[in-house]
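Student: Structure below; questions to follow.
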Amino acid sequence: MRYYIKKVISLIMVLFLIMLLTFIAFQVIPGDSALSRLGVDAEPEAVEALRESLGLNKSLPERFFSFLSGAVRGDFGNSYQYGKPVGELLSARLSVTVWLAVLSIFMIIAVSVPLGLVCSRKEGGVADRIITMVTQTLMAVPAFFLGIVITLIFGLVLEWFAPGAYIAPGEDFGGFLRYMIFPAVAIAVPKIAMTVKFLKTSVLRELKLDYVRTARSKGNSERAVLWRHVLKNALIPVITFMGMVIADVLAGSIVVEKVFNLPGIGRLLITAISNRDYPVVEAGVVYIGSVVLIVNFIVDLLYQKVDPRVRIK
Amino acid sequence: MEKEKHLLELCNVSVGFPQKGKKMNPVTRGVSFYVREGEALGIVGESGSGKSVSMLACVGLLGGGGRVLEGNIRFLNGEDYIILNTMTQKELEAVRGDDIAMIFQEPMTSLNPVMTIGRQVEEMLLLHGDCPKEERKKRVLAMLSEVGLPDPQEIYGKYPHQLSGGMRQRAMIAMAMILRPKLLIADEPTTALDVTIQAKILELLKKFQKEYGTTIILISHDLGVIRSVCSRAVVMCGGKVVEQGDVGTLFEQPQMDYTKRLLAAALGKGSVLKKEPAVCRGEAIVCVRDYSVFYEEKLDGKKRKREVVKKVSFDLCAGETVGVVGESGCGKSTLAKALAGLNPLTSGSADISCENPQMVFQDPYGSLNPAKTIGWLMTEPLRLHHVGTKEEQRAAVCEMLEKVGLGREYYGRCPKTLSGGQRQRVAIAMAIMLKRPFLLLDEPVSALDVTVQEQILILLVKLQKEFGLTYLFISHDMNVIHRICDRVFVMYQGEIVESGDVDEVFRNPVHPYTKKLLGARL
C-alpha cells in the first residue's frame with residue numbers, strides 16, 4: 006500500500022514539474038502575446054488593455070499560480086484563435102483521439118499476439134517467413150502513405166467509406182465508429198508490425214529457458230506450453246513496449262488526422278503552434294505529458310500484476 | 098527362470114543434432130544400457146559426454162532439431178514394450194509426466210517464475226487424468242508435505258523465487274512424483290545445491306524408490322552422488338558408454354582408465370598437489386583485522402547495511418595457499434571481493450602488501466567479455482596501469498599465454514572459440530599479468546569437469562612456484578581444498594568458525610559445522 010501511495014505522490018510531483026516547465030517555456034519564448042494577437046500596428050492603449058484583461062501585468066509567481074489552479078480545474082483560459090475556452094476545444098478533440106487510440110490499440114493487441122505466437126511456434130517455417138517479410142515491409146511504410154493507400158482501396162475502389170466525410174460522434178455514433186476504423190488501421194498497422202517482431206523475439210528467448218523443458222517434460226502439448234507457460238513470461242517486456250505505443254497513439258497523429266480529415270488533438274496543436282495560440286499549446290503539452298506519465302504508471306502497476314518477482318510486499 | 102524385466106532399454110542408440118546446413122552431427126554413438134524395474138541406475142560422465150542427451154532422447158525432449166538417428170529406446174508399458182523413439186508427439190505427451198517424470202539441475206530456472214508452486218504441481222494432475230478441484234488441492238498439499246516442505250499451505254501460494262534452492266528442488270520432486278511415475282529421471286539434481294542440502298535431497302529420492310518402487314535414473318558428474326543412491330552405474334565419455342556394472346564392482350575395480358580418473362577426483366583420493374608446504378618466514382603479506390563487509394539493502398524503501406562478513410581476522414604468508422570453505426551465502430565470496438577492493442562498505446583493517454590484488458572468478462563463460470579477443474583482454478590490465486609500450490605488452494601477453502599452456506596463437510582468438518578449461522586459463526593468465534604477488538581465486542574450478550579441474554589445479558601450483566604467488570582459494574568443495582591448500586578457514590554465517598592446517602582440520606574437525614561439511618562429503 007505504501008508503495009502505491011509513494012507512486013501516486015511522485016506522479017503528482019512530476020505532473021507539477023511538467024506544468025512549471027511548460028509555464029516557464031512559454032514565458033521565455035520571445036514576443037508578447039497581446040502584441041502578437043493585435044498585430045504590430047495596434048494602438049499601445051489597446052495592447053495595454055488586452056494585457057490587463059489577459060492578466061499579463063501580474064507578477065510571474067502570481068501568473069504561475071493562476072495557470073496552475075486553472076490547469077488543475079482543466080481551465081487553460083481562452084484560445085486566442087477561436088475565442089473559446091481551451092478546455093472545451095480540447096475535450097471536443099479528445100473524444101476523437103481517444104476513440105482512435107482505443108480502436109487502434111484493440112487492433113494492435115488482437116492481431117499481434119496471435120501473429121507473434123504463430124511466428125515463434127515454428128521459427129523459419131512458411132508462416133513465420135511470410136509474416137516476417139510482411140511485417141518488415143509494413144514497418145517501413147510511412148503512415149501518410151498507408152493512409153493514402155487505405156483511402157484509395159477502401160474509400161475509392163471498394164467504397165466502404167466516403168473519404169474525408171468525417172461523421173461526428175454526436176450525429177451518428179455508429180457511422181462515426183465505422184469511419185474511424187480506417188484511420189485506426191492506418192495507425193495500427195506499423196505498430197502491429199513492430200509488436201509482432203518484439204513479441205516473437207521475446208517468445209523465442211523464453212522458449213530456450215529451462216522451465217519450458219520442464220513444462221514439456223510434464224506432458225504439456227506445444228500449444229499449452231506456449232499459452233500457459235511462455236506467453237505470460239514473454240509479455241513482460243512487451244508490456245513496456247505497449248506502454249510506449251499507447252502513449253504515442255494517445256498523443257494524436259497529425260498525419261493520419263490530416264489524411265482522414267479528423268478533428269483530433271494533433272491537428273489542433275499544429276494549427277495552434279503556427280498561430281501562436283499559446284493557451285492551446287500549453288494545454289496540449291500538459292495533456293501529452295500527463296498521458297505519458299499516467300500510461301507509465303499503469304504499466305508499472307501491470308508489471309506488479311504479471312511478474313511476481315517485482316511485486317512489493 | 099523368468100527373464101528379468103527391464104523398464105527401459107536403450108539398444109544401440111545414436112543421437113544427432115543438425116549442423117549448419119542439413120547434415121546431422123551425431124553426438125552419441127551406439128549407446129546401449131538398461132534399467133531394471135525398481136532399481137536406481139546412475140549415469141556418470143563429464144559435460145558433453147552425452148549422458149543428458151541420451152535421457153532427453155528417451156522422452157523426445159532433445160530440442161534444437163536433435164533426434165535419434167538409429168537404435169531403439171524401449172519402455173515397458175504393462176506387459177508390452179513401447180518404442181519411445183518412434184512415437185508421435187501426442188503419444189509421447191501422454192507418457193511424459195505420467196510414466197516418466199524428470200527433475201533438472203537448476204530448480205530456479207526449471208520452474209516457471211510467474212506461476213505459483215501449487216499451480217505448477219497441480220498442473221500434473223490436470224494434464225493426466227481428471228481429478229476434481231478440491232481433491233487436486235488436497236493431493237498437492239499432501240505431496241508438498243511428503244517431500245518435506247514445511248507449511249504446505251503457505252508454499253502452495255508462493256512463487257519459485259520466494260523459496261530457497263533446496264526447497265525449490267523439493268517442489269520439483271513433488272511435481273515429478275505426484276503421479277507416482279514408473280521412472281524418474283533426475284538430471285544432476287543436486288549439482289546446484291550446497292553439500293549439506295545435497296545429502297537431504299538424495300535421501301528423499303532414495304525414500305521414494307523404496308516406498309513406491311519408483312525406478313530412478315540419476316545423471317551426475319559426481320561419482321560420490323551416484324554411489325550414495327544407485328546400485329548400478331553406466332560411465333559415459335565422448336558420446337559412448339565406456340563401462341557399466343554394479344556400483345560396488347565399478348568402484349572397487351574400475352577397468353577403464355577414464356573411470357579410474359573420475360573415481361580419483363570424485364572420492365577425494367586425488368593426490369595432494371602441493372608437495373612442499375609453505376613455510377612462514379618474516380612478515381605476513383596480508384594482514385586482516387576485525388574485518389567486516391556490508392551490503393546495502395533496501396527494505397521498505399529504507400537503506401540498511403547488512404553485515405555479511407563479521408569481524409574476521411587472519412594473516413597470510415608469502416607463498417601460501419589458504420582455502421576458504423563454506424556454503425553459499427556464508428560470505429566467502431563477499432570477503433574475496435572486498436579484499437580485491439570491489440566492495441567499499443567495510444570496517445576494520447585489511448593490509449595487503451600489494452595494490453589491486455587480482456581475482457579469478459568461477460564462471461569462465463560469463464567473466465570474459467565475448468566481444469573482445471584474448472589478446473585485448475589480457476593486455477587490458479597492462480593498459481590500465483600503463484605498463485610498458487604496446488610491443489612490450491604484446492610480448493608479455495604472448496609469454497604469459499605460453500606459461501598457462503595455451504600458446505601465442507591464442508592471442509587473436511575470441512573467448513567463444515575456447516573450452517571452459519581454456520577460458521579459465523585465460524582468466525588466470527589475465528589475473529597474473531600485473532605480477533601482483535597475491536591472488537584471489539573465487540571457486541576457480543567449480544564450473545569445470547573433474548579432469549579439467551585437475552589440469553587447472555596443477556597449473557595453479559606450477560604458477561605459484563614460478564611467480565611466488567599467494568592464493569586465497571575459495572571453494573565449497575572440500576576435496577579440492579584438501580588437495581591444494583596449506584591452511585583452511587571454515588566460514589559459517591559470516592564468521593570464520595574454524596581455521597588451521599588442512600590435514601589437521603580434516604582429521605580432527607572441532608566445530609560442528611565443519612563436521613557436518615566433512616560428513617556430507619558422501
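Heads up: the sequence lines are chains A and B, in that order.
Letter by letter, the first sequence follows residues 6 to 318 of this note's numbering.
Letter by letter, the second sequence follows residues 98 to 619 of this note's numbering.
Glycine residues also receive a C-beta, built at the ideal position from the N, C-alpha and C atoms.
Bear in mind the structure is a predicted one, so any value in this text is a computation, not a measurement.
For Lys318(A), is the classification buried or exposed, using 16 other Cβ atoms within 10 angstroms of its Cβ as the cut-off for buried?
Tutor: By 1-based counting over the first sequence, the position of residue 318(A) is 313. Residue confidence is low: Lys318(A) scores 48 on pLDDT, short of 50, so the model does not pin down where it sits. Its coordinate-derived value is still stated next. So Lys318(A) ends up on the exposed side.
Student: Would you check if the distance between the CB atom of Leu650(B) and the CB atom of Gln266(B) is smaller than 8 angstroms?
Tutor: Nothing about residue 650(B) can be read from this structure; chain B reaches only from 98 to 619.
Student: Determine the closest residue to Gly157(B) out of Ser146(B), Arg171(B), Leu498(B) and Ser261(B), with distance taken between C-alpha atoms.
Tutor: As a working note, residue 157(B) is residue 60 in the second sequence. Checked all of Ser146(B), Arg171(B), Leu498(B) and Ser261(B); the closest Cα to Gly157(B) is Arg171(B).
Student: With a threshold of 8 angstroms between beta carbons, is Lys127(A) in contact with chain B?
Tutor: As a working note, residue 127(A) is residue 122 in the first sequence. No, because no Cβ of chain B sits closer than 8 angstroms to the Cβ of Lys127(A).
Student: CB Ile23(A) to CB Val291(A), shorter than 8 angstroms?
Tutor: Against the first sequence, residue 23(A) aligns to sequence position 18. Against the first sequence, residue 291(A) aligns to sequence position 286. It is a contact, given that the beta carbons lie within the stated cut-off.
Student: Which whole runs of the alpha helix (DSSP H) in the segment 488-556 of chain B are 4 residues long or more, in chain order?
Tutor: Fully enclosed alpha helix (DSSP H) runs of 4 or longer: 517-529.
Student: Give the range of the alpha helix (DSSP H) segment to which His579(B) is assigned.
Tutor: Reading the second sequence from its first residue, position 482 is the one you call residue 579(B). Its alpha helix (DSSP H) spans residues Met575 to Ile581.
Student: Could you confirm whether any beta carbon from chain B is found closer than 8 angstroms to the beta carbon of Ser320(A)?
Tutor: This structure does not reach residue 320(A), given that chain A is present from 6 up to 318, and the question cannot be answered.
Student: Give every residue of the same chain whose Cβ lies closer than 8 angstroms to the Cβ of Glu394(B), excluding the five residues on either side of it in the sequence, and list them in chain order.
Tutor: Along the second sequence, read from residue 1 onward, the residue named residue 394(B) stands at position 297. Hits under 8 angstroms: Lys400, Arg401, Lys402 and Arg403.
Student: Between the beta-carbon of Ser596(B) and the beta-carbon of Ser572(B), is there less than 8 angstroms?
Tutor: Sequence index remark: in the second sequence, residue 596(B) carries index 499 (1-based). Sequence index remark: in the second sequence, residue 572(B) carries index 475 (1-based). No.
Student: Are any of the Cβ atoms in chain B nearer than 8 angstroms to that of Val264(A)?
Tutor: By 1-based counting over the first sequence, the position of residue 264(A) is 259. Not an interface residue.
Student: If you run the structure through DSSP and keep just helix, strand and coil, what is Val110(B)?
Tutor: The residue you call residue 110(B) lines up with position 13 of the second sequence. In this structure, Val110(B) counts as strand in the three-state DSSP scheme.
Student: Reducing DSSP to helix, strand and coil, say where Ile275(B) ends up.
Tutor: As a position in the second sequence, residue 275(B) is number 178, starting the count at 1. In the structure shown, Ile275(B) sits in coil (DSSP, three-state: anything other than H, G, I, E or B).
Student: Out of Ile180(B), Leu615(B) and Glu176(B), which has the shortest C-alpha to C-alpha gap to Glu167(B)?
Tutor: Indexing the second sequence from 1 puts residue 167(B) at position 70. Glu167(B) has its Cα closest to that of Ile180(B), out of Ile180(B), Leu615(B) and Glu176(B).
Student: Shortest alpha-carbon distance to Ile299(A) belongs to which of Gln309(A), Arg272(A), Val190(A) and Leu255(A)?
Tutor: The residue labelled residue 299(A) in the question sits at position 294 within the first sequence. With distances taken between Cα atoms, Ile299(A) lies closest to Leu255(A).
Student: Compare the C-alpha of Val494(B) against each of Thr514(B), Val523(B) and Leu223(B) and name the closest.
Tutor: On the second sequence, residue 494(B) is found 397 positions in, with the first residue counted as 1. Per the Cα distances, Val523(B).
Student: Are at least three pairs of beta-carbons, each pair with one atom in the segment 383-394 of chain B and one in the segment 353-363 of chain B, less than 8 angstroms apart?
Tutor: No: the two stretches stay apart, fewer than three of their Cβ pairs being nearer than 8 angstroms.
Student: Have a look at Ile553(B), Val421(B) and Cys155(B) and flag the residue whose alpha-carbon is nearest the alpha-carbon of Asp583(B).
Tutor: Residue numbering aside, residue 583(B) sits at position 486 when the second sequence is read from its first letter. When each option's Cα is compared against that of Asp583(B), the closest is Val421(B).
Student: Determine which residues of the segment 349-362 of chain B have a Cβ less than 7 angstroms from any Cβ of chain A, and write them out in chain order.
Tutor: Cβ contacts with chain A: none found.
Student: Can you tell me the Cβ-Cβ gap for Arg505(B) and Leu515(B), rounded? I've got them flagged as a contact below 8 angstroms.
Tutor: For this step, residue 505(B) is matched to residue 408 along the second sequence. For this step, residue 515(B) is matched to residue 418 along the second sequence. The pair is not a contact, with the Cβ atoms about 15 angstroms apart (cut-off 8 angstroms).
Student: What are the boundary residues of the beta strand (DSSP E) that includes Ala447(B)?
Tutor: The sequence position of residue 447(B) within the second sequence is 350, counting from 1. Segment Thr443 to Ile449, the beta strand (DSSP E) holding Ala447(B).
Student: Are Ser430(B) and Ile382(B) closer than 8 angstroms when you measure CB to CB?
Tutor: Position 333 of the second sequence holds residue 430(B). Position 285 of the second sequence holds residue 382(B). Cβ atoms of Ser430(B) and Ile382(B): not closer than 8 angstroms.
Student: Would DSSP call Phe128(B) helix, strand or coil?
Tutor: On the second sequence, position 31 is the one that residue 128(B) refers to. Checking the sequence shown, residue 128(B) turns out to be Val, not Phe. Three-state DSSP puts Val128(B) in a strand.
Student: Listed from N- to C-terminal order along the chain, which residues in the segment 449-469 of chain B have their beta-carbon within a distance smaller than 8 angstroms of any beta-carbon of chain A?
Tutor: Those would be none; no residue qualifies.
Student: Please tell me whether Asn301(A) and Gly248(A) are closer than 8 angstroms, where the distance is taken between their beta carbons.
Tutor: By one-based count along the first sequence, residue 301(A) stands at place 296. By one-based count along the first sequence, residue 248(A) stands at place 243. Taking 8 angstroms as the Cβ cut-off, Asn301(A) and Gly248(A) qualify as a contacting pair.
Student: Buried or exposed for Met272(B), please, with buried defined as at least 16 other CB atoms from any protein chain shown within 10 angstroms of its CB.
Tutor: Taking the first residue of the second sequence as position 1, residue 272(B) is located at position 175. Flag for Met272(B) reads buried.
Student: From which residue to which residue does the alpha helix (DSSP H) around Ala245(A) run?
Tutor: Sequence index remark: in the first sequence, residue 245(A) carries index 240 (1-based). What sits at residue 245(A) in the sequence shown is Thr, not Ala. Run containing Thr245(A): Leu236 to Leu255, per the alpha helix (DSSP H) assignment.
Student: Just verifying my parser: in three-state terms, what is the DSSP assignment at Lys318(A)?
Tutor: Looking up residue 318(A) in the first sequence gives position 313. Because Lys318(A) carries a pLDDT of 48, less than 50, the predicted location of this residue cannot be relied on, and no value is offered for it.
Student: Reducing DSSP to helix, strand and coil, say where Glu243(B) ends up.
Tutor: As a first step, residue 243(B) is located in the second sequence; it is residue number 146 there, counting from the start. Here Glu243(B) sits in helix by DSSP.
Student: Taking only the alpha-carbon atoms, compute the straight-line gap between Val577(B) and Leu224(B) and give it to the nearest angstrom.
Tutor: As a position in the second sequence, residue 577(B) is number 480, starting the count at 1. As a position in the second sequence, residue 224(B) is number 127, starting the count at 1. Straight-line Cα distance between these residues: approximately 45 angstroms.
Student: Label Tyr9(A) either buried or exposed according to how many other C-beta atoms from any shown protein chain fall within 10 Å of its C-beta, with 16 as the threshold for buried.
Tutor: By 1-based counting over the first sequence, the position of residue 9(A) is 4. Its Cβ having fewer than 16 others within 10 Å, Tyr9(A) is exposed.
Student: For Thr653(B), count neighbouring C-beta atoms within 10 Å of its own C-beta (all shown protein chains included) and say buried if the count is 16 or more, exposed if not.
Tutor: Past the edges of chain B, shown from 98 to 619, lies residue 653(B), and the structure says nothing about it.
Student: Is the Cβ-Cβ distance between Ile313(B) and Val344(B) less than 8 angstroms?
Tutor: Within the second sequence, numbered from 1, the residue matching residue 313(B) stands at position 216. Within the second sequence, numbered from 1, the residue matching residue 344(B) stands at position 247. No; because the gap between Cβ atoms is not below 8 angstroms, this pair is not in contact.
Student: In whole angstroms, give me the CA-to-CA distance for Phe69(A) and Leu306(A).
Tutor: The residue labelled residue 69(A) in the question sits at position 64 within the first sequence. The residue labelled residue 306(A) in the question sits at position 301 within the first sequence. Spanning the two alpha carbons is a distance of roughly 32 angstroms.
Student: Should Asp195(B) be flagged as near chain A, meaning a C-beta pair shorter than 8 angstroms?
Tutor: For the purposes of this step, residue 195(B) is identified with residue 98 of the second sequence, where counting begins at 1. Yes, because at least one Cβ of chain A sits closer than 8 angstroms to the Cβ of Asp195(B).
Student: By how many angstroms is the C-alpha of Val123(A) removed from the C-alpha of Met98(B)?
Tutor: Locating residue 98(B) in the second sequence gives position 1, where the first residue counts as 1. Locating residue 123(A) in the first sequence gives position 118, where the first residue counts as 1. Residue placement at Met98(B) is flagged as unreliable, the pLDDT there being 41, under the threshold of 50; the coordinate-derived value follows with that caveat. Approximately 55 angstroms, taken between the alpha carbons.
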